[in-house]
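In this note's numbering, the protein residues as written are 19 to 175.
Yeah, the Cβ is synthetic: ideal placement off N, Cα and C, and Gly gets one too.
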C-alpha cells in the first residue's frame, strides 16, 4: 500500500487500483500509463509541482496529453508567475519520486488545482504513488481529498 491508496481507503471513497509493468526506459510516465492501461490520454492525469513567485509550492493535475500552462497555473493560484519546481523540492514536499508523484497522501498538503477537463469524465486516473500504479476515482472525490479547486490550467501540446 502507498500513502495515496491509504488516503483513499481511509476516506472511504470508491476507487480502483490499476497496476502495469513500468518500463524504466520510458520517456513519459503518464503516456505509458495510458497506453498500458488501454485508456484515452485525456482521462489519465499527471501530477506536477510548481514553485510560485512567492516561493511556495502548488500542485497542478492535468491530462497527460497536455502541458501545464504556467500563466494559467499562476492565475489559478493568485500569483503572477509559476515555474516547474526543482526535483529535490518535489520529492521532499510530496514524499514521492518523480514519475510516481500522487496528488493523494503527500507529506505536505499543498494548494492543488485540477484541470477542469477532469469533470468531463465519471472517473479519472492519477498516480497511486509509485511508477506502474494508478488509482481511478471520481474527480469530485479527488478534489475533496486534496482540497483542490477545478481550474483551466492546461495547454494542448
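Quick check on DSSP: helix, strand or coil for residue 167?
strand
Simplified DSSP state of residue 103, which is helix, strand or coil
Note: residue 103 maps to coil in three-state DSSP.
Assuming the contact rule is C-beta atoms closer than 8 Å, residue 116 and residue 31 should be a hit. Round their C-beta distance to whole Å, please.
26 Å between Cβ atoms; not a contact.
Straight-line CA distance for residue 166 to residue 131?
Whole-angstrom Cα-Cα distance: 5 Å.
Run of the alpha helix (DSSP H) containing residue 23, from where it starts to where it stops
21 to 29
When the distance is taken between beta carbons, is residue 61 closer than 7 Å to residue 153?
no
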